[in-house]
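*Asks:* Numbering (our numbering), first residue to last: 312 to 510. C-beta: ideal position from N, C-alpha, C; glycine also. Just dropping this structure here.
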Amino acid sequence: MLLLLRFLTHGEAFSQVVEANSAPTDTSKKAIKKTPAIKDSARIVIEAMPRRAALNSALLPGLGQINNKRWWKVPLVYGGFVGIGLVFEFNQRYYQVFLKEAQFRQENPGKTQNPLYAPYTTEGIISIKDSYRRNRDLSVLAGLGFYAINIIDAYVDAKFFRFDISDELSAKISPTLNQAPIHAAGFSPVMGLKLKIAL
Numbered sequence: 312m313l314l315l316l317r318f319l320t321h322g323e324a325f326s327q328v329v330e331a332n333s334a335p336t337d338t339s340k341k342a343i344k345k346t347p348a349i350k351d352s353a354r355i356v357i358e359a360m361p362r363r364a365a366l367n368s369a370l371l372p373g374l375g376q377i378n379n380k381r382w383w384k385v386p387l388v389y390g391g392f393v394g395i396g397l398v399f400e401f402n403q404r405y406y407q408v409f410l411k412e413a414q415f416r417q418e419n420p421g422k423t424q425n426p427l428y429a430p431y432t433t434e435g436i437i438s439i440k441d442s443y444r445r446n447r448d449l450s451v452l453a454g455l456g457f458y459a460i461n462i463i464d465a466y467v468d469a470k471f472f473r474f475d476i477s478d479e480l481s482a483k484i485s486p487t488l489n490q491a492p493i494h495a496a497g498f499s500p501v502m503g504l505k506l507k508i509a510l
């Protein structure tokens with residue numbers, strides 16, 4: 312254990328020495344010129360994919376997913392819109408029913424338009440009407456949010472098109488020899504561990 316601690320401290324000292332010695336001087340900074348990155352046609356097409364996928368999904372929901380070759384997401388997109396539309400229609404229908412009942416009761420005090428709602432007070436009918444209106448408005452906001460999620464999904468999926476996200480990840484630990492300074496004049500090999508991660 313003590314031997315391992317000694318190896319680790321030597322490795323840290325060596326890395327600090329290398330960093331101190333490898334710092335570029337002012338003259339070397341002037342000598343280094345930045346060359347512009349050259350992009351080939353394949354890279355330009357890949358970099359344009361996220362913008363194009365987001366624009367297509369904004370024009371027609373699901374089209375960006377089709378461009379990204381994610382056909383299985385299209386039924387989910389349209390299923391979400393259909394579900395939100397059904398919630399909107401349900402709340403709108405009952406909002407209209409209770410709105411007409413509340414208006415009839417205000418114009419004809421003591422009478423009810425629909426005998427099913429006779430046990431309810433006018434205040435209760437108005438409260439139910441407001442509840443359906445609030446749920447209807449929230450379903451509109453949910454539809455807008457789902458539309459935005461559709462665009463974001465197409466953009467992110469196209470952005471990660473070139474990244475390997477397979478399950479073949481591995482990590483390997485193996486022994487190695489590092490060069491650690493022993494004196495100002497020389498270096499000595501020091502045992503250590505090397506961690507290699509394959510992504």
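1. DSSP beta-bridge partners for ALA359?
2. Taking the C-alpha atoms as reference points, what is the distance between LEU504 and GLY396?
3. Grab the span of the alpha helix (DSSP H) containing SER461 for me, first residue to last.
4. For TYR431, collect the residues of the same chain with a Cβ closer than 8 Å to its Cβ; drop the 5 residues on either side in sequence, then sort them by chain order.
5. Can you tell me whether GLN417 is buried or exposed, with buried defined as 16 or more other CB within 10 angstroms of its CB?
6. Quick one: what's SER499 bridged to in DSSP?
7. So ALA459 packs on GLY375, CB below 8 Å; how close in whole Å?
8. Report the partner residues of PRO372 according to the DSSP bridge assignment.
*Replies:* Quick answer:
1. Along the sequence shown, one-based indexing puts residue 359 at 48. None, per the DSSP bridge assignment.
2. On the sequence shown, position 193 is the one that residue 504 refers to. On the sequence shown, position 85 is the one that residue 396 refers to. Distance between the alpha carbons of LEU504 and GLY396: 59 Å.
3. In the sequence shown, residue 461 corresponds to position 150, counting from 1. For clarity, residue 461 is Asn in the given sequence; the question names Ser instead. Where ASN461 is concerned, the enclosing alpha helix (DSSP H) stretches over 433-470.
4. Counting from one through the sequence shown, the residue named residue 431 turns up at place 120. Contacts found: ILE439.
5. On the sequence shown, residue 417 is found 106 positions in, with the first residue counted as 1. GLN417 should be labelled exposed.
6. Within the sequence shown, the letter at position 188 stands for residue 499. In the DSSP output, where bridge partners are listed per residue, SER499 has ALA491.
7. The residue you call residue 459 lines up with position 148 of the sequence shown. The residue you call residue 375 lines up with position 64 of the sequence shown. That pair is no contact at about 13 Å.
8. Translated into the one-based positions of the sequence shown, residue 372 becomes position 61. Answer by DSSP bridge pairing: none, since PRO372 is not bridged.
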